[in-house]
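Residue numbers 0 to 498, in numbering that gives the first Met the number 0, belong to the letters of the sequence shown in order. Notes for the one structure printed next.
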Amino acid sequence: MPRLASGALSAFALTEQDVGSDPANLSTHAELSDDGEHWILNGTKLWCTNGPRADIIVVMVRTPAREDVRSRKPITAFIVETAWEGVEVAQTCTFMGLNGLSNGVLTFNDVKVPKENLLWGEGKGLKLALITLNTGRLSIPAFCATGAKGALLVSRQWAAERFQWGAPVGKHGAVAQMLGKMTANTFALDSVVELTALMADAKTFDIRLEAAIAKMWNSETSFKVTDDAIQIRGGRGYERADSLRERGEYPFPLERGFRDSRINMIFEGSSEIMRLFIAREAVDSHLSVAGDLIDPKAPMSRRLAALVRSGRHYAVWYPSRWLTWGRWPRYGEFGPLAKHLRYANRASGRLARSIFYAMIRFGPGLERKQAVLGRIVEIGAELFVMVATTVRAKALVDENPSDRSPYQLADVFCRHARTRIRERFRHLFANDDVVTYQVAQDAMKGTFEWLEEGLLTADWAPQPDVGAGDGSGEGAPASEEKPDGEPDSAPVREPAGHA
């Protein structure tokens, strides 16, 4: 710690060429030396931020299974000095954005790591990695909110100053709709950051779900805000800042913000992995009660026991999800926003019932219905953000009663959120998932290769045997298709993709 405090750079090495979201497949490994004084580390790590310049690296590796280590495939964390023999920077990576980022591929060839440099103990590296990812899932939403604020600033100034057809462009309906939604969404982004930060600081909450929702929702929404800002600014939004400066125009780097913000939906757990993780947490409570009942492979004795257990549980649980009081005058202290909290209360009960219906309908196969689970998660995320936004608006108005503008922003956000929620409920079970899935399978088989005719691909065409560990599952072999049109693979319990 003294070295880090005095300026030494550190890095975190988890991701590998074929390991993004599934750390169980790590290939970097370490074996204890014959004298028991060192661990001999070998392997390659991909996309290590600060890696090319770091002095100290925390490396996640596979260590041998032992009787005194709980995991059958232990993942262990080691502190590695980059000055040690065998540690090399194989490549410095460059990206679409984040041009100031130091990131690279690191190789470890028979690196001797003193046994004292083992962190926390054998087999405890995954827990450490997940804690690190949780931290990232709180910082990324804050970055996203700040980026959205910058995009909003330049957008509202331009909308007021730029005249077309005799009026500011912000007076025209198309631009006004974009700007209005951007403003409300930026307030929501900031509210999510405030709420999750307060929960984290309280140190009394398990915020894994809230952090995952914040990371997923803020990264996707802020990207949309930046995209709309470029659209409002037009050609100047697409133009680089130095080019604008050269002819004396305001050099706000919107295009750089667009490129830089795209990665937020990928690292620290991609949006798809976030949805699966959140969905798993939501479904687990039902599976713990009724999992054996809906599992056709479970022995009859376990199914009968689950039947009794489920009957007792759902006799209370199910009516309670109908009898929540989400009606007037509840939440009256929130003034004009009370109606939105009452809606969130009712919709939460409906969402809980919908998860129950999905479990009954699909049984154990629900874990493979990733599109259905995605809609469930999106509804839950919108409800979470609605609550965060209304609570923050009330707090701001309580502090300054003369300024009721936070109510205005929260109201507009909640109106649009309710529209999105209704749409997802409508398509939760009535959708085109199966036929869309089939098109994807046929595309992977090459059925639609004729669509690619005319491409000049000599320099960049992907090779069919190239794998990818990007946190989104891209490059993984196609799963065996199930009769219901979903792959035979369960979602991972916790993402570990880290750029």
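For each residue, glycine too, the CB sits at the ideal point set by N, CA and C. Here the structure is a predicted model, which is why all the values come from computation and not from measurement.
How is residue i classed by DSSP in three states: helix, strand or coil?
i	result
R61	strand
D109	strand
S529	Absent from the model: residue 529. The displayed extent of the chain is 0 to 498, so no value can be given.
L84	The residue asked about is misnamed: residue 84 is Glu in this sequence, not Leu. Coil.
W459	coil
N41	strand
A147	helix
I55	strand
A297	coil
Q90	strand
H28	strand
E271	helix
E66	coil
E15	strand
D21	coil
N184	helix
A387	helix
A199	helix
M95	coil
K338	helix
P252	coil
Y330	coil
T446	coil
H426	coil
M0	coil
K368	coil
L132	helix
T323	coil
R403	coil
G233	coil
I501	Residue 501 is absent from the model: the chain starts at 0 and stops at 498.
R246	coil
I206	coil
R419	helix
F266	coil
D226	helix
How should residue i be labelled, buried or exposed, when 16 other C-beta atoms within 10 angstroms of its C-beta is the threshold for buried?
i	result
V434	exposed
P1	exposed
L3	exposed
H339	buried
V438	exposed
G11	The question names Gly, but residue 11 in the sequence shown is Phe. Buried, by the Cβ-count rule.
A7	exposed
A477	In this prediction, A477 has a pLDDT of 36, which is less than 50 and means its spatial position is unreliable; what the coordinates show is noted afterwards. Exposed.
P318	exposed
I231	buried
W83	exposed
M95	exposed
S26	exposed
R246	exposed
P502	Residue 502 lies beyond the range of the chain shown here (0 to 498); nothing can be said about it.
D241	exposed
D259	buried
Residue j and residue i - do their beta-carbons sit closer together than 9 Å?
i	j	result
V384	I272	no
P252	R261	no
R391	A409	yes
V104	T43	yes
A196	L118	no
K114	W38	yes
R334	Y406	The question names Arg, but residue 334 in the sequence shown is Gly. Closer than 9 Å, so yes.
I354	V288	no
F361	N263	no
E193	A387	yes
I277	G364	no
A343	L382	yes
V110	V153	no
R65	E121	yes
G236	E254	yes
I375	L350	yes
L188	A158	no
Which residues does DSSP list as the beta-bridge partners of residue i?
i	result
I74	R61
N102	T48
P167	F162
V118	Sequence check: residue 118 is Leu here, not Val. Beta-bridge pairing links L118 to A76.
Measuring only between beta-carbons, confirm whether residue i sits less than 9 Å from chain C.
i	result
W119	Reference to chain C is not applicable here, since this structure consists of a single protein chain.
Three-pair Cβ contact test at 8 Å for the segment 118-129 versus the segment 54-65
yes
Are three or more beta carbon pairs between the segment 395-412 and the segment 162-177 nearer than 8 Å?
no
Between the segment 139-158 and the segment 221-230, can you find at least three pairs of beta-carbon atoms closer than 8 Å?
yes
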